[in-house]
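Structure record follows, encoded as structure tokens.
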Amino acid sequence: MGWSRRRFWRGAPDVLWIEAIGFSGSLFTILTYSMKEMLWLRLTAVLSCLSFATYGVMIESWPLILMEMTLLPINLWRLNELRRADLLTDDPRN
0 MGWSRRRFWR GAPDVLWIEA IGFSGSLFTI LTYSMKEMLW LRLTAVLSCL
50 SFATYGVMIE SWPLILMEMT LLPINLWRLN ELRRADLLTD DPRN
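Residue 0 is where the sequence shown starts when you use numbering that gives the first Met the number 0, and the numbers rise one by one after that.
Next comes the structure, spelled out in structure tokens:
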């Protein structure tokens, strides 16, 4: 049967949850742009992608889902690169 817009638009509580997930994606995106450290930028970008992908599934927005599912692996890859670079440093503080 899948997701149906009509099902979500019948009851206000469902709509509020859907919109809250969309707004959380927006909040994470704003936080991403405000980050100075690359690690935190990537972490908030991943959270933004996950929020917006969930929102896209709930509202059946295929362009949004496609974009977020494209950005998510890129951000995860770069996050992994940061982690590996941190592990390879000779910094005694690590």
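In this text, a Cβ means the ideal position worked out from N, Cα and C, and glycines have one as well.
All values derive from a computational prediction rather than experimental measurement.
Cβ-based neighbour list, V45, same chain, cut-off 6 Å, excluding 5 preceding and 5 following = N74
ask   = How long is the line joining the alpha carbons of A84 and I29, rounded to whole angstroms?
value = 26 Å
query = Which residues in the same chain as R82 place their Cβ atom closer than 6 Å to its Cβ, once the five residues preceding and following it in sequence are excluded?
reply = So no residue of the chain qualifies.
Nearest-angstrom Cβ-Cβ length linking S33 and S50, presumed shorter than 8 Å = Rounded, the Cβ-Cβ distance is 16 Å, inconsistent with contact.
key: Own chain, CB closer than 6 Å to R41, minus 5 neighbours either side, in chain order   = N74, R77 and L78
task = Would you mind sorting E18 into buried or exposed? The rule is 16 or more other CB atoms within 10 Å of its CB.
result = exposed
inquiry  = If I follow the unbroken alpha helix (DSSP H) through M57, where does it start and stop?
reply    = M37 to I58
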